[in-house]
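Trainee:
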Amino acid sequence: MSEVKTGREQWPRTLVLVPVYNHAATLRDVVQKALDQGLEVLVVDDGSTDGSLDRVADLPILRHRLPCNQGKGGAILAGAELARAAGYEALLTIDADGQHDPADAPGILDVGSSAWPCIVMGAREMETDNVPRSSVFGRSFSNFWVRIECGRTLPDTQSGYRLYPVAFLEGDRFITRRYTFEIEVLVRGCWAGLPLLSAPVSVYYPPGDERVSHFHKFKDNFRLTCLHTFLVTRSLIPWPHRRLFKGAGEEGRLPSILRPAKFFRALCREHSSDVELAAAVWLGIFVGALPIIPFGIAATVYAAHRLHLNKLAAVGAGNLCIAPFVPFVCIEVGHYLRYGSFWYDFNRHTLLEEVHHRLWEWLLGSLLVGPLLGAVGAVATYLLVRALRGRLAPTQR
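For the sequence shown, the UniProt record's numbering begins at 1 and goes up steadily by one.
1) Can you tell me where the beta strand (DSSP E) holding L244 begins and where it ends?
2) Starting from the N-terminal side, write out each stretch of the beta strand (DSSP E) that is 3 residues or longer and does not extend beyond the segment 65–148.
3) Compute the Euclidean distance between the alpha carbons of E89 and R223, then round it to the nearest angstrom.
4) In or out: M126 buried (at least 16 other Cβ within 10 Å) or exposed?
5) Which ranges does the beta strand (DSSP E) cover as unbroken runs of at least 3 residues, wholly within the segment 177–222, from first to last along the chain?
6) What did DSSP end up calling L163 once you bin it into helix, strand or coil?
7) Sort I108, L186, V385 and F215 by Cα distance to Y21 and report the nearest one.
8) Have a look at A314 and L227 and give me their C-alpha separation to the nearest angstrom.
9) From what residue to what residue does the alpha helix (DSSP H) around T300 run?
10) Do R55 and R28 have their beta-carbon atoms positioned less than 7 Å apart in this structure?
11) Determine, using beta-carbon pairs with one atom in the segment 112–128 and one in the segment 198–208, whether at least three such pairs fall under 8 Å.
12) In whole angstroms, what is the alpha-carbon distance linking G249 and G318?
13) Are the beta-carbon atoms belonging to L231 and V187 less than 7 Å from one another?
14) Out of curiosity, what's the CA-to-CA distance linking E182 and W282?
15) Between the Cα of W145 and those of N69, L307, Y382 and V379, spot the shortest distance and give me the residue it belongs to.
16) Can we say the segment 274–290 touches the segment 373–385, given the rule of at least three CB pairs closer than 8 Å?
17) How far does the beta strand (DSSP E) with E40 in it reach, from first residue to last?
18) So what does DSSP say about L254, is it helix, strand or coil?
19) Name the residue from E40, T229 and P19 whose alpha carbon lies nearest to the alpha carbon of G47.
20) S52: buried (16+ other C-beta within 10 angstroms of its C-beta) or exposed?
21) To the nearest angstrom, report how far apart G79 and L367 are at their CA atoms.
22) Name the two residues that bound the continuous alpha helix (DSSP H) containing P327.
23) For D95, which residues of its own chain have a beta-carbon under 6 Å away from its beta-carbon, when the five flanking residues on both sides are left out?
24) Compute the Euclidean distance between the alpha carbons of L290 and L363, then round it to the nearest angstrom.
25) Does DSSP classify L17 as helix, strand or coil?
26) Is the CB-CB distance between Q37 and P102 below 7 Å?
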């Protein structure tokens, strides 16, 4: 009879990685708490100038110092290489600033062992003191874009408290190394076939005058913008993603069209949160405004599928842009952008039989009218869906 493993026996062989950059004041406490949990610890010093690594020189841990600051992603990848060489299967990353409590590590490892290999995020409980509003907004903003890029609804895509398979960090290719790495690694993990899971964790934010942050608002937000632009563009390209693991690719697949009732029911229900429906409406109106009338529906369905949005909502919104009103507005705006004046020489002949001479103006105008009109439709859809669901909720209890 085979022995059934329970608790810690089920955990993959895990190394706690604490990447540090100038957090000498808090590093030792974080490492000591991780050791108290019976975990093995590696500290990777990402070129600190405050002697951070010296603060843990007497503790029974692994230590590694990078010759220069490479960013958090660079430190994590360096740690993954060391973990692989030492025979570890998993890397549990904990921030060195004291924000994460190592006592939450068993919960993350329990979740990870239930579906290993996978990525597990520590979903921070943000209802605590001193939480910056920028962090709350940044988390929601990041969650939305990751949802567009890989089709997963995740609670906290900005948490640095994570469990990674070492084989994934070593086997995939990443284009970022700094703050943006933690977004890229989630999206690529999903593309590679890894389940993305979460476990609740506590979080500590010191008062503002005591908080040490290495986030640069302009540089890091610019890097995030570039990364999300790249990831969304890659999502639209019909080239298969590099899959390193099996088992996560069937999630969310529609029923066969040979079963029309189930097929259309699934179409109506897929990606149908308030934000997802609003985003689908924006997409449908934007694509519908473009001068691609013969291919508009096909383009809308394709884009909605690749961006994990509701296809029926997108196609329905695109029909709001049928001729003649929206194309006429786009041509007028495009004509003004090209010549500095509106187009007045229009009649049935010029509108219907010579419209092909106005395609350039139509395209220019649609790039302005489409996003703006889409934004109006998206906001209206969001408010309407929220109001309707708010009214229906009490009757469904």
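Using N, Cα and C, we set each Cβ at its ideal position, and we do this for glycine too.
If you're wondering where the values come from, they're calculated on a predicted model, not measured in any experiment.
Mentor: In short:
1) Here residue 244 refers to the residue found at position 244 when the sequence shown is read from its first residue. Per DSSP, L244 belongs to no beta strand (DSSP E) and is neither H nor E.
2) 90–93 and 119–124
3) Numbered from its first residue, the sequence shown carries residue 89 at position 89. Numbered from its first residue, the sequence shown carries residue 223 at position 223. Between E89 and R223, the C-alpha separation is close to 30 Å.
4) For the purposes of this step, residue 126 is taken as residue 126 along the sequence shown, with counting starting at 1. Result: exposed.
5) 196–201
6) Within the sequence shown, the letter at position 163 stands for residue 163. L163 falls in the strand class under three-state DSSP.
7) Within the sequence shown, the letter at position 21 stands for residue 21. The option with the nearest alpha carbon to Y21 is F215.
8) Reading the sequence shown from its first residue, position 314 is the one you call residue 314. Reading the sequence shown from its first residue, position 227 is the one you call residue 227. When rounded, the distance between both Cα atoms is 25 Å.
9) Sequence index remark: in the sequence shown, residue 300 carries index 300 (1-based). Residues G296 to R306.
10) If you number the sequence shown from 1, residue 28 lands on position 28. If you number the sequence shown from 1, residue 55 lands on position 55. Against a cut-off of 7 Å, the Cβ pair of R55 and R28 comes out as a contact.
11) yes
12) As a first step, residue 249 is located in the sequence shown; it is residue number 249 there, counting from the start. As a first step, residue 318 is located in the sequence shown; it is residue number 318 there, counting from the start. With a pLDDT of 47 at G249, under the threshold of 50, the predicted position of this residue should be treated as unreliable, though the coordinate-derived value follows. Near 29 Å, if we compare the C-alpha coordinates of G318 and G249.
13) Start at 1 with the first residue of the sequence shown, and residue 231 comes out as number 231. Start at 1 with the first residue of the sequence shown, and residue 187 comes out as number 187. In this structure, the beta-carbon distance from L231 to V187 falls below 7 Å.
14) Your numbering for residue 182 matches position 182 in the sequence shown. Your numbering for residue 282 matches position 282 in the sequence shown. Whole-angstrom Cα-Cα distance: 28 Å.
15) Along the sequence shown, one-based indexing puts residue 145 at 145. Measuring from the Cα of W145, the nearest candidate turns out to be L307.
16) yes
17) Numbered from 1 along the sequence shown, position 40 holds the residue referred to as residue 40. Residues E40 to D45.
18) Counted from its first residue, the sequence shown places residue 254 at position 254. A caution first: L254 carries a pLDDT of 47, below 50, which makes its placement in the model unreliable, though a value can still be read off. If DSSP states are grouped into helix, strand and coil, L254 belongs with coil.
19) Locating residue 47 in the sequence shown gives position 47, where the first residue counts as 1. For the residues E40, T229 and P19, the minimum Cα distance to G47 belongs to P19.
20) If you number the sequence shown from 1, residue 52 lands on position 52. Answer is buried; the Cβ neighbour count reaches 16.
21) The residue given as residue 79 occupies position 79 in the sequence shown. The residue given as residue 367 occupies position 367 in the sequence shown. Roughly 45 Å between the two C-alpha positions.
22) Taking the first residue of the sequence shown as 1, we reach residue 327 at position 327. Per DSSP, P327 belongs to the alpha helix (DSSP H) from F325 to Y339.
23) Residue 95 sits at position 95 when you count from the first residue of the sequence shown. Excluding the 5 residues flanking it on each side, D95 has same chain C-beta neighbours closer than 6 Å at G160, in chain order.
24) Walking along the sequence shown from the start, residue 290 turns up at place 290. Walking along the sequence shown from the start, residue 363 turns up at place 363. The alpha-carbon atoms of L290 and L363 are separated by roughly 6 Å.
25) Along the sequence shown, read from residue 1 onward, the residue named residue 17 stands at position 17. DSSP places L17 in strand when its eight states are reduced to three.
26) Stepping through the sequence shown from its first residue, residue 37 is reached at position 37. Stepping through the sequence shown from its first residue, residue 102 is reached at position 102. Yes, they are a contact pair.
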